[in-house]
Structures are given as structure tokens and as C-alpha cells.
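Engineer: Residue numbers (the numbering used here), protein chains in the order written: chain A, 54 to 665; chain B, 54 to 665.
Think of the CB as a built atom: it goes at the ideal place given N, C-alpha and C, for glycine as much as any other residue.
2 protein chains.
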Amino acid sequence: MSTSLKDLLIGPPLPTHQLAEKRLNKIRALAAFSPDALSSIAYANEEIFLGLVIAGSAGLTLAWPIGLTIVGLLAIVALSYSQTIHGYPSGGGSWIVARANLGTVPGLVAGAALLIDYLLTAAVSLTAGVAAIASAFPVLWPHRVELALVLLGVITLINLRGLKETGTLMAIPVYLFLFTYLPMLAYGAVRAVLDGPGSLAANAPPAAQPLTTFLVLHAFAAGCTALTGIEAISNGVPAFQPPESRNARRTLLVMAVLMGLLFVGSIGLTQYLAVVAGPQETILSALARRLLGNGPVYLLIQASTMLILAVAANTSFADFPRVTALLAKDGFLPSPLFNLGDRLVFANGIIVLAVATGVLIVVFGGDAHALVPLFAIGAFLAFTLSQAGMVVHWWRERGSGWWLKAAINGIGSVATGTAVLIIGVSKFADGAWITILVIPAMVVGFLKIRAHFREVGQQLSLRGLPPNLKPFPPPRVVVPISGVHRGTVDAITYARSIARGVTAVYIELEPGAGQRIRQDFANWWPDVPLVILPSPYRSIVGPLLDFLDKTDRQHNDGQLAAVVLPEFIPAKWWQSLLHNQTAWLIKAALLYNRRRFGFQRVIIDVPHYLRR
Amino acid sequence: MSTSLKDLLIGPPLPTHQLAEKRLNKIRALAAFSPDALSSIAYANEEIFLGLVIAGSAGLTLAWPIGLTIVGLLAIVALSYSQTIHGYPSGGGSWIVARANLGTVPGLVAGAALLIDYLLTAAVSLTAGVAAIASAFPVLWPHRVELALVLLGVITLINLRGLKETGTLMAIPVYLFLFTYLPMLAYGAVRAVLDGPGSLAANAPPAAQPLTTFLVLHAFAAGCTALTGIEAISNGVPAFQPPESRNARRTLLVMAVLMGLLFVGSIGLTQYLAVVAGPQETILSALARRLLGNGPVYLLIQASTMLILAVAANTSFADFPRVTALLAKDGFLPSPLFNLGDRLVFANGIIVLAVATGVLIVVFGGDAHALVPLFAIGAFLAFTLSQAGMVVHWWRERGSGWWLKAAINGIGSVATGTAVLIIGVSKFADGAWITILVIPAMVVGFLKIRAHFREVGQQLSLRGLPPNLKPFPPPRVVVPISGVHRGTVDAITYARSIARGVTAVYIELEPGAGQRIRQDFANWWPDVPLVILPSPYRSIVGPLLDFLDKTDRQHNDGQLAAVVLPEFIPAKWWQSLLHNQTAWLIKAALLYNRRRFGFQRVIIDVPHYLRR
């Protein structure tokens, strides 16, 4: 039942040899790597609007200069990442570049920041995508959490199945988005020339707060989310057709230009036409409605926004498990994150991301605006460390013109580092403090995990073992019995097949019960000694452990004591609820009860299968 | 840590020999057995009031005749139970009487009805007790669920500790209740004579429904809860000082008179003075407030009401586990319900009752009125069956005057049986349907459980075994290894100490990894064969089970295959989250994977303890 349900949802297991990579041409590569970057404008615009509207029309007039500043930052970062593609043609994720050039701890900081970045990309994209659709159909607005979770479930299943043939499918939303948004912006520009400017003073709500420098920095910090996703191409250079490095750089250039156009175009039009959004609508929806009315074209725009955001969330499901797998491979995370699942994907990483995203969506009430303060700081921290790493990289290499390359990355690093500071300070109370606390905690966790695995590796190493291993002497075997029945027969018979020194033990809970057992037992096994242990406190585990401790101390001969447990396996699952879990309790006590541990003991389970 | 917390809350274990019973004189016995019965008036009055008030003042005038009818029923039932004490001096709970005289299935119906009765006594008493206090302090009214749960937690802990020395403590609320309520009713009677009757027509809210026969029967059915608890003395005859039977009957007489006085007195005064309660107050609180004002005497009345209700809930915690233990002793419930816990109480029964009560309180929003429809039907069904059983008992005995005794019990049985019908029909839609569904389901469950245990007993019986048991031949041993390390050393060395035929198995997840392992392994154990199993679908369990199936089929010699598993036990609990649970998965598959099961296999755990 459960297996077939799993097969239905996820598909049957795939053999390892099917693991292979297909190279992408530039058109496909743009679709594969840009959804996160391009869709960022959906929430970045919204954040700038929400950050400024509280200062009324005076605030909203600043959207344009803030937008231009962010586009300037975009240009710097794109140029800088173009250098990374050059320097790391085999793929230069922040974690790889920072670790190789700055050391383990900065690398781990970049890794933690990246993981948070991907997690929030998933959460913010899903909630912003649902907000785009709920702007068109206000009846959906109260159900945004449920809708976002359904979308999350679908994306999780798609990713657990593995993405072999869905590459083309994913390209459709990206080009749909470009081919609806860019014409809309062009049409808007024409309309702007024909209609002339709107009046923000007339449309904006009254100012709730004065226009302070802090408020402006706050809006800038929020708008920085427009840049998230720009690093994707530099991680995936080997997926391009040769010449990989050059194709990747050209694709990055195209993507950055598109990002800039979309961002500047939409923010400029919004301000020029004095578009203001109501409480249950996004600013991009308000702009589209202003230009296109409520008709089918408007709905197409909103649908394509939602689709590209869903695809952007989907890219997190490819990237996050890849980073956790890299960390697990180096021992900073447990190895199941590195193991390929049935469908040749890192299934455990996908599940971790899905659960964490779901928790974020629920805790933050499906509101992208509440999630954004946690977001930008992770992305920009990863940018900063990766570009600082590139500076060291060029300095170490000292190839021709190294100082120019180092300078470009240095400028990028300083610019994004400044942004990190602005975001951290201005968004601290809004939620950035969570990210600022979580990143160091993750780094400490990574280091502790690796320390543990190293310690285990040393303890398990065979170094120092004598070259000739002596076999253990045959074990002393103890068989705890609950009575004389078929389970006892199996256990005693088995014990006698592996050792001579077999002792049966009966824990006497009711005074006097042992005598009856002793007679029965002697009839069947006159030559096996039976020890009856009184248990005044009615515990089974305690007296047994005491007995084992005592006999181990008496012998102390290097023999391992083995405990043979007859275990009944009922025919139906509910029946096991009816039996007391004594065998399980004894096993757990023998394995885990460290306080009692002094001698190593072997546990032998002799199953007895019940019919019906 | 966890052990010491448990010791702090529950106390250290007690040895079995401390199990002994102290006899009770009549004063103490009344306190021990009557809280449930006496406190019933708190919710029975309330139910009659709520049942009638919807028909306005015309409805409320019927409270007095309904009250008198219920007192008549009380007299019949008390007389009938007095016969039970006579016939079963060793304790005649409904389950015992019904099973002995009517057969197993009626006995189980009575047992199920009793369990539901006790469960609802606990839930209704706690919620009604909290309602009494929240009537005095309206600020507590919205927090009734939480308060009831806290009270439940305290009572559960007290009972898990065992009640040795709390008998005297429990007597205080009972006598406090009697010595505050009876004087209040006497004072009320004087005031009634002096002040003359009040006008219900003036005080009652307008009728929301017409006064129908159904509505009257409905109110009567709800008022029947006044009788719950009356059977308690007949269950506990052996606890009385000798002559047990006579003392018990006298105590029952006193209790029944007190119940009648309290019930008739309070319901009569309420009607004569035309007291009506508001939405956040109980009718008894309204009566007390009317007579005593809002001063300390009123508060004392409410506090004593809450205390006796808490003590009544507490009696369920003595009775419910006793019935589950009796059922478990006869194989109708799993044996852990029959085992005495650390403190010589049936701890598992207490925990089951506490959890079920908590669920009821939460699901029904801490509202006694919503719970009562589930309540009376269980109690009256148990009454009916127990008294019908007594009729058969007297008929079988045919002692002197047996027909009179049989007639008394017969009348009781018919009267309570009629009440069951009235309750079942009139309260069906309010919630009685739940009880009507649950009781047969429980009976079916009891029978299925006993059938399972009987089946297991037969399967485990040694009957038919040959008198001389041949030992098994030494086992074939298979050691799955994940590499060549200290865990492997322990496992292989141990395997060779118990058998000659040892085979190591390596499951190759990454193609080619096996070759390295083979060389390492051959260096250490040149004489142990190593089988490398490819696993194209990256499953560890599947290829191992296939291998075991294949070799078992090849040999098919009666040898048991044993699987030796090296198991790492980390030093700290969180570290075990970091290791993949392969050993656990293999064990579970070997024990439970029935589809693959064909041959019995032994599982041998060789623990390897990690330091730090």
C-alpha cells in the first residue's frame, strides 16, 4: 500500500547509471538559471513601495533614485560575477570560492548564508506568487497560506521525482514572463508619453511617518532583494555548451540587462504614472491594472508572474540540496544528505528544504513582506564573501592584468558588503536579527558535526591493532525467559548451538511464581542451569542487568556475554500493541544504558513468528 | 535527569510486599465511596435547569415533579444495590455480577459501560467543579479548559504516586460539602417560609421552545445523572470493617438519604424561590448567591462544591484502572494494564484514563453540559445489567425469600432499563449516539483481543513437541560490512567465535567501491569469504535480503542463518541523529518484512561504543 503510493507519487527507483548531464544552449541556460533573478522584481518593487508609502507621496517620489542605485549595484555585481565565471570555469558557488580562498570558517559562513538564501527564495517566491494571483482574485486573499502550501507540495513532489524531462517545461514560464512583461512596459512607456505624469500627491495615502534617512535606507535595503539569484549562472558553468566560460558570461550579461530593464522600467512607470496599491494588491498588479484594465491581458500578466515565481522557488529545490550535499560530502552535515535517493536526486535535502519552507510560510502567515527582512542579508553575505574570495584568488594567481580583475571583484565585494551593513542595521528589528543569529549557529553546528565524524573516524581506525586478530573465546550466553513455551524452546536451542555455557534466567515478579517455572524447565532442559531472580520492585530490566554485571565481574575473562532474546512477531501490526514490549526494553537497556555499562554485551534476537 | 524528575513527581518505587489493605470504618467509608454520588447533584440540577429553561417559566415549574421522580428511582436503585451487597460480600461490581450471571458478552457490555461511566465521571466532575469556581470568579470563565486540565494533571500525579496516606485528606472535602450544603438548605427552607414563594414568570427568560413531552423526558434523562456513583459501595464491600456486609448496607442507606436530601432540597428551593441562573453561572451557584449574597459563605459553598467534584473525579482514578486490570487479567485487554507500577498502582490504567479525560475536556470545550449526554447512558446500562444479573443470581441460589430479593432487583433493573431507553432516545442526537456506538465497538475489541491471546497461547504451547529436543546445527553467519574498521573487527571476530561458516557481505552502492574493500578485507581476514553485492538502485536492505533468500534456498538444511550487525552507539544522544540508521533498517526488515520471510533468521547485535 505505502510502497505503491510512493511509486505513484515519486515514481519507481532509477538505477545509478542513468546519472548523466545534458549540456544547455544559451536559450535553455537562460531559462534554467534566470527565474530566481528575473522574478526578484516582483517582490523587490513591492518592498520599495511598502517601505516608502508610509511616508506618503514625499516618500514615493524617492522610488526612482533608489531604483537607480540598485541598478548600479546590479551592474557592479554582474561584472564581478562575470570574473568569477572566468576564474572558476568548473563552477564557483560562494561556498567553493570562499572556502578555497578565505578558509574554512568564511566558507562555512558563505555556505550557511547560501542555504538561508535558497530557503527564503523558496518561501518568498511562493508567497509572492500566491499574492500575484490573489491580487487578481481577491477572494483568494485570506487563503494565501493554504495556497502557498499546496504549491510547495506540488513542487516538492516534482523535485522528488527528479527533473530529467521537465527542463523544457520550466522554460515556458520564463519566456512567457519576458514576452508579456517587456511589451507591457513598452506599452506603458508610450502611454506615459501620451498621458503625461500622474500626481502622487493626489493618489498616495497621507504620510504615517516622516521621511527620515533611516526610512530611505530601509527601503533601499528591502529593494536589494532585486539582486537575489544573480549568482546562479556562476554556480552552473559546466552545464553550458562549450566554450562554457564564454557562453556563461554572455548569458549573464543578457540576464543582467533584462533584470535592469524590468526593474527600472516597472519602478519608473509606477512613479511616473503615480500608481498606488491598495491593501490587498501588489504594486505590480496595480501597475498592470492601471495599464491594461481588468481584462484577460491583465490576468495573463498576473498568471505569468505567479508561474515564474513558482519556477524560481523550484530552482531552490535544485540548489539547496546541492549545497547540503557538498557540505555533507566534506563531513559538515550527516551523510544521508549526500546519498542519492531512489530517483537519483538528493531526496533528503529536498525534504529538509520543503519542511523548512512550509514552517516559514505558516509562521509568517504567508506574507512575503514579513519574510523579506530575513532574506536579503543571507544573499548579500554570500555575494560579499564570494567576491572577497575572488580578490584573494586573483592575487594568488597573479596572471596578466590580475590587479584589474581583483579591483573589479574588490569593488563588488565592498559594495555588497556595504549593503549587508545597511540591511543588517535597518532591517534588524524587522527580522534580520533572526538570520544574524542563525548563520553563526549553523556554522558552529557544521564544525561540531565535522569534529564528531573525525573523532569517530579515529576511533574506528584499525591503526594500532595487532596484525594477528585472536578470535574471542565462545561466549557465555544468558537467556532471559518469561515461561516455558515455544519461544523459550527456540531461544535455548539456538543458544546451545552457538555455545556451551548457557544459563537461563527467570525474573520473578510475583513471589513464588519461580518454583513452577523451575519444574517445567527441568523437565525439558535438565542440563541447563536456571537462575531465578526475585524482583521486589517488579522491574524486569533492573535485576537482569544486575545479574549480567555480577557474572561479568565474576568471570572477567574476556568472554563476551551474549543475551539471547526470544522475540514474538505478531501477524498483524495492531497485535504488537497488545504485547508488552519487554524484549524491546531489554535491548534498549543493554545498548544504551551507559550507567550500567562496563562490559560489552552482544544481543541475539531469535524471532518467533506468530501465525494469524 | 529524567529518572530523578520522575522520582520527584511520582516517588521512588515501592516493593511488592507493601501491598496491603486497611479496613475502613463507616465514617471513612462514606467519605471514600460517596464523593461521586453526592457531587452528582452539582451537574444533575444544572442539567434539569438547562433542559427546562428553554421552555421558559412553564418549563421550570416542572423541575419539582421531575426531581421527585428521580428521587423515587434513587430509592429503587439503592434498595436494589443493597441486595447486591448481600449477595456479593466479596465485592460485586457490574462486570463481575453481569458476567457471572448473564454470561461473557453481557458482562463485557457492563464492563465497557462502566469504563465509559468512570471516564465521564472524571471529565464531567472536573468541568463541573471548574464551572462552580468560575461562577464565583467570572474572570476564570473563559479559561475553564485550561483549569480543568491543570486539575486533571494534579489528580493524575496524586494517583500515580499511590494513595496510601491520602484517605484522610480525601474525607475533608466530603464532610466540608455536607456541613456547608445541608445547613444552607435548612437556612433556605426557613427563608422560604418567611419570604414566601418567588415568581418564576417574572424571573425566567421567555420560552424559546414549546413545552413538549420530549423536552420533559429530555430533562428527566439529563437529571438521571444524579444517580451516578450510587453503585460504588457495592464494589468495595471487602474494604469495610466486619461485619462487612452489614456495615456496607448501612453506609449505602445513609448515602442514599443524603443524596435524596441534597437533591430534593436544592431543586425544591430553587423552584420555590424562583431562582434563575445567567449564562456564566451554574444554577447551584445562583441559588447559593440568592441565599447567602456574594460574601465569604457563598465562596465557601462554591469552593466545597469544586473540592467534592475533584474528589469525585479522583475516585474514577481508583475505579477505572481496577476494571481495566480485571479485564486484562481475563485476557480482554493487554497485560500491561494488569501489571502494578512502581508505586503499586495500576499506572497504565491511570495514564489511559488521564489521556482520555484530557481529550474529552478539550474536544468538548470544558463544558459539562456538552459531556452529560454521553454520560448517563453508560452508568444506567451498567446498573441495568448488574441488577438483571442479581435476579438470575437469586433465582439460581433459591435461598429463603429469594423471590422477594429477585423482585426488588427486578424492579430496579426494569426501572433503570426504562431510564436507559429514555436517555438513549431523548439524548441520542445530543451525543448519546457516541456512547451507543462506542460500547459495542469496545466489546468487539475485548473479544478480538482475547481471541488473539488464546491463539498465541496455543501457538506457544509445547504440546506436540518431541520429548527430546535436538540442538540446531551451528548457524551459518552473514556479516554485512560497510568498510574495514573496528566495528567490522568486532563483528567478524564475534561471528567466528560462534560458528565456522562465516561470510562477509558488502553492498556496493558506488560502482567500483567494492574492489578497495576486497583488498583491505583480505589483508585482515584472508580466510573469510567476502561477497560483493552490486546495488544499482542504491538500496542496502534489498540486496542483502535477496542474498539471504538465495543462500537459504541453496542450503535448505535446517541451519538458521544469523546476521551479525556491528552497531555504533554514540556517546551523546544528538550524535545518533548524524549517523544513518542502516543497522536499524536492516533489523526492521529482517524482523518484519513478511513478504520476504521464508526462513527464520537470527539477528545478532554487536555493539561498538564510541567515546565522546
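Go through the segment 437-494 of chain B residue by residue and report every complete run of the alpha helix (DSSP H) that reaches 4 residues or more, in order.
Structural biologist: Listed in chain order, the complete alpha helix (DSSP H) runs (minimum 4 residues) inside the segment 437-494 of chain B are 455-479.
Engineer: Would you identify the three-state DSSP class for H139(A), choosing helix, strand or coil?
Structural biologist: Correct three-state label for H139(A): helix.
Engineer: Per the DSSP calculation, Y662(A) is bridged to which residue(s)?
Structural biologist: Answer is I622(A), bridged to Y662(A).
Engineer: Closer than 7 Å by C-beta to Y96(A): which residues in its own chain qualify, once you throw out the five before and the five after it? Chain order, please.
Structural biologist: These residues qualify, in order along the chain: V177, A181, T278, A421, V425.
Engineer: What residue range is occupied by the uninterrupted alpha helix (DSSP H) comprising R375(A)?
Structural biologist: Counting along the chain, the alpha helix (DSSP H) containing R375(A) begins and ends at 349-382.
Engineer: Look at A548(B) and V532(B) and say whether their C-beta atoms are less than 7 Å apart.
Structural biologist: Taking 7 Å as the Cβ cut-off, A548(B) and V532(B) qualify as a contacting pair.
Engineer: Kindly examine the ligand COA and report whether one of its heavy atoms sits closer than 6 Å to the Cβ of G120(A).
Structural biologist: In terms of ligand content, the structure shown is empty, and the ligand COA therefore cannot be addressed.
Engineer: Does T541(B) pass the burial test, meaning 16 or more other C-beta atoms within 10 Å, or should it be called exposed?
Structural biologist: T541(B) is buried by the Cβ-count criterion.
Engineer: Measuring only between beta-carbons, confirm whether P660(A) sits less than 7 Å from chain B.
Structural biologist: So yes, P660(A) belongs to the interface.
Engineer: Using only CA atoms, which one of G140(B), K640(B), Q512(B), L105(B) lies nearest to S453(B)?
Structural biologist: It is G140(B).
Engineer: For P291(B), does the three-state DSSP call read helix, strand or coil?
Structural biologist: If DSSP states are grouped into helix, strand and coil, P291(B) belongs with the helices.
Engineer: Residues in the same chain with beta-carbon distance under 8 Å from R649(A), minus the five sequence neighbours each way, listed in chain order, please.
Structural biologist: Note that R649(A) scores 45 on pLDDT, short of 50, meaning its location in the model is unreliable and no value can be drawn from it.
Engineer: Tell me which same chain residues have a C-beta within less than 8 Å of the C-beta of M54(B), skipping the five on either side of it?
Structural biologist: Because the pLDDT of M54(B) is 39, which lies under 50, any placement of that residue in the model is unreliable, and the question is left without a value.
Engineer: Taking just the CA atoms, how far does A400(A) sit from N576(A)?
Structural biologist: For N576(A) and A400(A), the distance between alpha carbons rounds to 57 Å.
Engineer: Beta-carbon separation of Q262(B) and N78(B) under 7 Å?
Structural biologist: No. Outside cutoff.
Engineer: Any idea what DSSP makes of M54(A), helix, strand or coil?
Structural biologist: Residue placement at M54(A) is flagged as unreliable, the pLDDT there being 39, under the threshold of 50; a coordinate-derived value is accordingly withheld.
Engineer: When you compare only the Cα positions, how much space is there between I320(B) and S357(B)?
Structural biologist: Going by the C-alpha atoms only, they are around 18 Å apart.
Engineer: Any idea which residues DSSP pairs T556(A) with across the strands?
Structural biologist: Bridge partners of T556(A): V531(A).
Engineer: Can you name, in chain order, every residue of its own chain whose Cβ lies under 6 Å from the Cβ of R302(A), other than the five neighbours on each side?
Structural biologist: Correct list, in chain order: S135, I138.
Engineer: Under the three-state reduction of DSSP, which class applies to E561(A): helix, strand or coil?
Structural biologist: DSSP places E561(A) in strand when its eight states are reduced to three.
Engineer: If we cut at 7 Å on Cβ distances, does V445(A) have a partner in chain B?
Structural biologist: So, not an interface residue.
Engineer: Alpha carbon to alpha carbon, what distance is there between W626(B) and A272(B)?
Structural biologist: Going by the C-alpha atoms only, they are around 58 Å apart.
Engineer: Round the Cβ separation of G144(A) and L380(A) to the nearest angstrom and send it over; I've been treating them as touching at under 8 Å.
Structural biologist: That pair is no contact at about 15 Å.
Engineer: Buried or exposed: which applies to H196(B), given that a residue is buried once 16 or more other Cβ atoms fall within 10 Å of its Cβ?
Structural biologist: Exposed: under 16 other Cβ atoms inside 10 Å.
Engineer: Between Q512(A) and chain B, is there a C-beta pair that is closer than 7 Å?
Structural biologist: So, interface residue.
Engineer: On the DSSP bridge list, what partners appear for L299(A)?
Structural biologist: Looking at the sequence provided, one finds Arg at residue 299(A) rather than Leu. Answer by DSSP bridge pairing: none, since R299(A) is not bridged.
Engineer: For chain A, is any of its Cβ atoms less than 7 Å away from the one on V509(B)?
Structural biologist: Yes, its Cβ sits closer than 7 Å to a Cβ of chain A.
Engineer: In three-state DSSP terms, what is A261(A)?
Structural biologist: Coil at A261(A), not helix or strand.
Engineer: Mark F232(B) as exposed unless 16 or more other C-beta atoms lie within 10 angstroms of its C-beta, in which case mark it buried.
Structural biologist: Under this definition F232(B) is an exposed residue.
Engineer: Quick one: is F399(B) near chain A, going by C-beta distance under 7 Å?
Structural biologist: It does not: the Cβ of F399(B) has no partner Cβ on chain A nearer than 7 Å.
Engineer: Buried or exposed: V659(B), going by 16 or more other Cβ atoms within 10 Å of its Cβ?
Structural biologist: Classification for V659(B): buried.
Engineer: On a CA-only basis, which of W637(B), F370(B), L360(B) is nearest A224(B)? Give me that one, please.
Structural biologist: Ranking the options by Cα distance to A224(B), first place goes to L360(B).
Engineer: Check each residue of the segment 527-543 of chain B: if its Cβ is closer than 7 Å to any Cβ of chain A, include it; give the result in chain order.
Structural biologist: The segment 527-543 of chain B vs chain A, Cβ under 7 Å: P527, P528, V537, H538, R539, G540, V542.
Engineer: What distance in whole Å lies between the Cβ atoms of L613(B) and V655(B), which are believed to be in contact at a cut-off of 8 Å?
Structural biologist: Rounded, the Cβ-Cβ distance is 5 Å, consistent with contact.
Engineer: Which value, in whole angstroms, describes the spacing of the CA atoms of A378(A) and I657(B)?
Structural biologist: One C-alpha to the other measures close to 33 Å.
Engineer: Label P226(B) either buried or exposed according to how many other C-beta atoms from any shown protein chain fall within 10 Å of its C-beta, with 16 as the threshold for buried.
Structural biologist: By the neighbour-count rule (16 or more Cβ atoms within 10 Å), P226(B) is buried.
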